[in-house]
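Structure record follows, encoded as structure tokens.
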Amino acid sequence: MHQADSSPIRLKQGDALIVVDVQKDFLPGGALAVAGGDKIIPVVNAYIERFIRSHLPVFATRDWHPSHHCSFAAQSGPWPVHCVAGSKGAEFAPSLLLPDTVVLVSTGDTAEAEGYSAFENPKLESRLNNASIQRLFVCGIATDYCVLQTVRDALRLDYQVFLLHDALAAVNIHPQDGLEAERIMADEGARLITLDDLS
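Just so you know, we're using the UniProt record's numbering here: the sequence shown kicks off at 1 and counts up by one.
See below:
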């Protein structure tokens, strides 16, 4: 699902990469495993390497839930217990090559708030503003939840957003949920690209 604009994209100052929730609990064998979550990691690493090489910032979000988070089934939420703060399942995937300079953004760390969007943590917008970021490149897990809400908030805040189509994995409770989320993001102004689109 590409939009008509196929011109190559040159990374520049004012760009930032956001890697969403590439955590053990969302990978095969995890508490809330997302099909194909492990398969996107080499592509995510390739994007990270491009940003490091261009001396541009990399942000990594992580679900960091209290043990009684509202999204958990025991609290009448839709999900099994996952990504509890400090747990093994909340750790980033071992094969994810985050730089030492990565900016960590914890989400869902308040028991009563879902925390799907990384912008629910005010640290993210503050750090983006301080770095004079104008364009966001977003990838990760899951397309139909945390990626979707993070991108929608970014667009509402007037960032230009590039959705990294080859580095996404969706929960797909319904088979087309991921594709529908991509359509929504594109309709609201995100441009869907792949690694090959970066010059």
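By construction, the Cβ of each residue, glycine as well, lies at the ideal position given by its N, Cα and C atoms.
These numbers come from a predicted model, not from an experiment.
query                                                                                                                    : result
Environment of R191 [buried if 16+ CB atoms lie within 10 Å]                                                             : buried
S117 versus V19, T150 and K24, residue with shortest Cα-Cα distance                                                      : T150
Assigned exposure category for K88 - 16 Cβ within 10 Å defines buried                                                    : exposed
Simplified DSSP assignment, three categories, for residue 219                                                            : Outside the displayed range of the chain (1 to 199) lies residue 219, so it cannot be described from this structure.
H2 to P8 span [Cα, whole Å]                                                                                              : Unreliable placement is indicated for H2, whose pLDDT of 45 sits below 50; the coordinate value is still reported in the next sentence. Computed Cα separation, rounded: 13 Å.
Environment of H174 [buried if 16+ CB atoms lie within 10 Å]                                                             : exposed
Under the three-state DSSP convention, the category R10 falls into                                                       : coil
Which of helix, strand or coil DSSP assigns to G86                                                                       : coil
Nearest to I193 (by Cα), restricted to the options P28, V43, A31 and V22                                                 : V43
Opposing strand residues paired with H65 [DSSP bridges]                                                                  : V84
T150 Cβ short of 8 Å to the ligand NAD heavy atom set                                                                    : The ligand NAD is absent from the structure shown, which contains no ligands of any kind.
Residue 212 - partner residues in DSSP beta bridges                                                                      : Residue coverage of the chain in this structure runs from 1 to 199, which leaves residue 212 outside it and unanswerable.
Cut-off 6 Å between Cβ atoms - residues of its own chain near R127, not counting five sequence neighbours on either side : V103
At least 3 beta-carbon pairs within less than 8 Å: the stretch 124-140 vs the stretch 62-75                              : no
Residues bridged to F119 [DSSP beta-bridge criterion]                                                                    : Bridge partners of F119: none, in fact.
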